[in-house]
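For the sequence shown, the numbering used here gives the first residue as 399, with consecutive numbering after it.
Report on the following structure.
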Amino acid sequence: MIVDTIVEIDRHLATIELSTKHAIQALAALTSPADALRQMKFGKTGRHPIEDRALNIVEQINQTFSYLVALNAAKWLLEAHPDAGGFSLAPGAHASQRLDI
């Protein structure tokens, strides 16, 4: 993921917020505690933080905070260094490369 502007980062942060709201609404609709735990671990109750696709809640939690850290770090860097020209983000451990955020 490449981010060039703070506006672009804010758009991604808004998408994460929306994905989180969808997951919370889906969880609130569950009535059985055992089913809720099962859905969080194995079901597709959650949403990917950035992409429009289903995930389990546990994975959504992990990915959400990885994206939040990377995007907020990039936002801080762009605010501090507006001429940096953008940043390549690789929030997942599987995708990181040297000097990625």
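Note that the Cβ used here is the ideal one computed from N, Cα and C, for glycine as well.
Mind checking residue i: buried by the 16 CB within 10 Å criterion, or exposed?
{"i": "phenylalanine 485", "result": "buried"}
{"i": "arginine 409", "result": "exposed"}
{"i": "glycine 483", "result": "exposed"}
Going by DSSP, what residues sit across from residue i in a beta bridge?
{"i": "leucine 453", "result": "Gly444"}
{"i": "isoleucine 400", "result": "Ser486"}
Output the distance between the C-alpha atoms of residue i and residue j, rounded to the nearest integer angstrom.
{"i": "proline 431", "j": "leucine 425", "result": "10 Å"}
{"i": "lysine 473", "j": "alanine 434", "result": "35 Å"}
{"i": "histidine 420", "j": "aspartate 481", "result": "36 Å"}
{"i": "leucine 487", "j": "valine 401", "result": "7 Å"}
{"i": "isoleucine 459", "j": "glutamate 449", "result": "14 Å"}
{"i": "lysine 439", "j": "serine 464", "result": "18 Å"}
Is residue j closer than 8 Å to residue i when the C-beta atoms are compared?
{"i": "alanine 468", "j": "proline 489", "result": "yes"}
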